[in-house]
Structures are given as C-alpha cells and as structure tokens.
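Numbering (the numbering used here), first residue to last: 1 to 446.
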Ligand SMILES: Cc1cc2nc3c(=O)[nH]c(=O)nc-3n(C[C@H](O)[C@H](O)[C@H](O)COP(=O)(O)O)c2cc1C
C-alpha cells in the first residue's frame, strides 16, 4: 500500500469509485485534452493507451472539491482551519537514501518528448506543454526553496521554457542571471492532492517552505530523496522528475498557449530550463492538467484561506467561495453574520485586499448558500440597489490572465453589498416557508 504521491491517490480513487479508466488509444495531440474537457476536468481519468507511447497518463484529478476534502481528510466546514493550521505550523520533511523515483535514472540522450506523452491542447498552442509539473527552485543566495506549478513549453529534446508568473521570482532570476549564476531546478510529476495544495500557498504572503507545509497537511513527514544531477530534494514516491538548470542569459519565445480562462495568453521571452537528468518509476504515469478553470481549484482553495482571513479581520465571516466560474481567482462570494450597518462595505475592503487577482466580490448574509449560483443570482436580483450597494475602484492591480484590460494587469474592481438591511426592514427579506418542507419524504408520492 502506497502512502504518498500519485499511486496512493490512485488507490483511494479506485476505492471510492472515482477513477475512470480510458482503455481506447488517445492521441496526446488534442484528443486527450478534448476528453478531459468533456468531463470538465472534474473526473479523474487514467489514459491506459496513449498513441505513440508505452507510458500511461492521468488528468482531471484536481477539479472536484469533494475529492479534495476526502483526500485531505477534511470537510467543507473544517477546510479553511485545517489549511491555516498547516501554513502556520509547518512540519519537517524526511530525507531517505533511496525511493521508487530512483528506479530509473537517465543522464544521457535525454529527449523528453520521446520519453513522455506531453500533450498539445489547443489549435494555436506553440508546442506541446507540461502543465502539471511542480517546479522546485532553490534560491542560491538565501537557500530557500520555492515550489509551484509552472507551465513548461517543449522547445527541443532537453530544452523547456518556463513561465513564472511571480514578478518577485522573475526579478530574482534576472538579478542572478546578471551575475551569470545558474539556478538549479527540478520538475515533479505524479504527486498527490496534499502536495499540489501545499504548492499553491503564495510565497510572498507566507514565505515558508511548502514542502514543510505539505508535511503538516498530510500529518506525516513528506519523504524526499536527493536528485542525481542537481542539489535539490524531491518526493521519493513521485512518478517522474526532470532535473536541470535555468542558465544565465538564455531565453526563448513562449506561447501562444490557451490558458486558464480559455483565451490565448501573451507571447513573450521567458527563461529556459536545460534538462540534465530524468528519474522515473517503473511504468511511470505522466500527469496532465488540462488548462482550464477546474484544474485551478487547488489554487482557489488556498485563495479561500486568504479571502477568509482578510474579511474575517473586519467582520464575522461564515463562509467564502472563490468560484470555479471565475477561474478560482477573479470572483469571490462571502457570507457574513451582519452585526452593524458598515459590515458589508468593510468586508468588501477586506476581500479586495486579499489578492490582486480578485476582481468582483459579493457579500451576502449567512442565510445564503454561496455555493449555489442560482440562489446567489436571486439574492443579487432582490437585495441590491446599484446606487448605494456597489463600490467601484478604478485601475487597481489585476492578473495578466484577464484579456479585458489588454493584458496590462491593471483592472477595475467591484464590490457588491447584497446583504439585507438591519432593523425592522430586514423582515421584508424573510423567505416564504412551507411548513414541513425540510422533512418531506418525496418517494412517498410516486
Ligand atoms: C494547473 C496549474 C497551472 C499553473 N500554471 C502556472 C504557470 O504556468 N506559471 C506560474 O507562475 N504559476 C502557475 N500556477 C499558479 C502557481 O502554481 C501558484 O500561484 C503558486 O502558488 C505560486 O507560488 P509562488 O507564490 O511561490 O510563486 C498554476 C497553478 C495550477 C494549479
């Protein structure tokens, strides 16, 4: 029985009947992505036969909240507190001498496209892309390690472009490149739910080691082994690890690539990785993330911690939802226990300061199910008067993933107070009830 990384997750997915197995051959060019998209990335799918390869591939693993809660041994109500606890109380990792990831070690004649079924997703994508790789980079000056999912464009046999959306890390790399220093990196594929979630904690907010957050989240030490060609540690039970360096003063044009919200992103020069070694398990399974909203749920789950923290500083918050429709970053809904007149506006201030990516936020009362889009729409229809309830901020920071501002990363923000007024007029908003409705046994009638 496996305890950590992809094979442990597969065992649990099988146990809970959540895994679909595709037995028909699929082409990694377009076809694999099409199948994943059909299921909204909400259904884990193991592709047993990939055209041109002996390696299996898995996708759609990370788009379903309930699966996440099950794998992290938490519940919807407890999740935010569990994640906060792990971020605040990281735990040590454990370094092993050996692990299954070292079953195969390749240091010569590396050709990543020949070794693994790296998919091409969209018509105008510039190349095939590794989209699920968790990249670890160690800062040679501070010795801190950064882990995050970063997409990798295949430029050639051992040459990948890396897209780093963090301005801080990008500047750091530029500074090192000026000093002619290389950065050592490793790309990890074939991980589990805990490892992905921990990788989505923002370095700039918390500045902690995400491997140690992983150990705290999983309730046992994350087991690591040393890489073969770089001075980095990687999970001992992962499926595939690509090792390499980001050389100084080398870049390649990256993109176009059909991104998170379904649009092609910008085309620009980005740093490259020279792959110096590959480690993989026997019969490795290649991990794929179709670039679409649902796969970013892991990121949204961490953003919910940030949204909750920032709004709860101001008012009494019941729950938060960083919605899938809004790419798990653009839209937030917050339900509050409104105690005074200014609560909703203060919650808007807190929410919009929780992340530069948050663009539209709606504040509702605690009687609203914020995970029911239809119900929230009904509340917007009946509890909002635009002239007094909508706050607009012009020209704040935004994300480069939003084409509505011509990718300048400057964005307007909106906060909507959709709460009921306090006092007597509140009664106007009482919902009509059918006595006995909650306990009705519908099967009795048919
Ligand atoms: C499926 C998926 C793909 C992602 N692709 C990228 C990417 O290409 N580049 C990037 O910088 N961030 C990407 N992210 C987001 C980062 O992994 C995430 O924001 C992380 O927390 C950043 O960590 P940092 O604060 O240490 O930079 C992706 C996240 C997911 C879940």
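Even glycine gets a Cβ: it sits at the ideal position worked out from N, Cα and C.
Proximity test, residue i beta-carbon vs ligand 1 heavy atom, cut-off 6 Å
i	result
residue 282	no
residue 165	yes
residue 57	no
residue 122	no
residue 299	yes
residue 151	yes
residue 186	no
residue 206	no
residue 146	yes
residue 200	yes
residue 161	no
residue 126	no
residue 203	yes
residue 409	no
residue 289	yes
Where the alpha helix (DSSP H) through residue i begins and ends
i	result
residue 170	167–178
residue 83	79–88
residue 347	343–352
residue 114	112–115
residue 154	From DSSP, residue 154 is part of no alpha helix (DSSP H) but of the beta strand (DSSP E) over 152–156.
residue 67	65–71
residue 132	It is not in any alpha helix (DSSP H) - residue 132 carries neither H nor E in the DSSP assignment.
Residue range of the unbroken beta strand (DSSP E) whose run includes residue i
i	result
residue 279	268–280
residue 195	From DSSP, residue 195 is part of no beta strand (DSSP E) but of the alpha helix (DSSP H) over 193–199.
residue 394	390–397
residue 206	Where residue 206 is concerned, there is no enclosing beta strand (DSSP E), although the alpha helix (DSSP H) it sits in stretches over 203–206.
residue 142	Unbroken run through residue 142: none, as it is neither H nor E.
residue 233	233–235
residue 186	183–189
residue 411	410–417
residue 441	Neither: residue 441 is in no beta strand (DSSP E) and is coded neither H nor E.
residue 161	159–162
residue 245	240–246
residue 253	251–254
residue 59	56–59
Test item: CB-CB of residue i and residue j under 7 Å
i	j	result
residue 43	residue 289	no
residue 366	residue 337	yes
residue 33	residue 129	no
residue 201	residue 324	no
residue 223	residue 385	no
residue 25	residue 49	yes
residue 411	residue 400	no
residue 315	residue 308	no
residue 177	residue 249	yes
residue 58	residue 46	yes
residue 413	residue 352	yes
residue 100	residue 28	no
residue 15	residue 281	no
residue 298	residue 83	no
residue 305	residue 80	yes
residue 158	residue 230	no
residue 6	residue 239	yes
residue 451	residue 363	This structure leaves residue 451 out entirely; the chain is present only between 1 and 446.
residue 350	residue 310	yes
residue 256	residue 267	yes
residue 96	residue 236	yes
residue 124	residue 264	yes
residue 415	residue 368	no
residue 370	residue 312	no
residue 203	residue 146	yes
Any non-hydrogen atom of ligand 3 within 6 Å of residue i CB
i	result
residue 296	Annotation note on ligand 3: not contained in the displayed structure, which lists ligand 1 as its ligands.
is_contact[residue i, chain D] using C-beta, thresh 7 Å
i	result
residue 378	Among the chains in the structure shown there is no chain D, since it carries only a single protein chain.
Notebook entry, point to check: Given 8 Å as the limit, is there contact between the stretch 104–112 and the stretch 326–339, that is, 3 or more CB pairs closer than that?
Noted result: no
Checklist line | Complete beta strand (DSSP E) runs within the stretch 10–39 (minimum length 3 residues, chain order) | finding: The beta strand (DSSP E) runs of length 3 or more contained entirely in the stretch 10–39 are, from start to end of the chain, 20–22.
Margin query: Quick test of the definition: if touching needs 3 or more C-beta pairs under 8 Å, does the stretch 84–100 touch the stretch 197–216?
Written below: Inter-segment contact for the stretch 84–100 and the stretch 197–216 is present: three or more beta-carbon pairs are separated by less than 8 Å.
Margin query: For the stretch 180–189 against the stretch 129–149, do three or more pairs of beta-carbon atoms, one drawn from each stretch, fall closer than 8 Å, so that the two count as touching?
Written below: Yes, since at least three Cβ pairs between the stretch 180–189 and the stretch 129–149 fall closer than 8 Å, the two stretches touch.
Checklist line | Inter-stretch contact at 8 Å, needing at least 3 Cβ pairs: the stretch 196–210 / the stretch 232–248 | finding: no
Note to self: Three Cβ pairs or more, each shorter than 8 Å: is that satisfied between the stretch 402–422 and the stretch 337–354?
What the structure shows: yes
Margin query: At 4 residues or longer, what runs of the alpha helix (DSSP H) sit wholly inside the stretch 280–320?
Written below: Along the length of the stretch 280–320, whole alpha helix (DSSP H) runs at least 4 residues long occupy 297–312, reported in chain order.
Margin query: Taking 8 Å as the cut-off, does the stretch 156–168 touch the stretch 270–280 (at least 3 CB pairs, one atom from each stretch)?
Written below: yes
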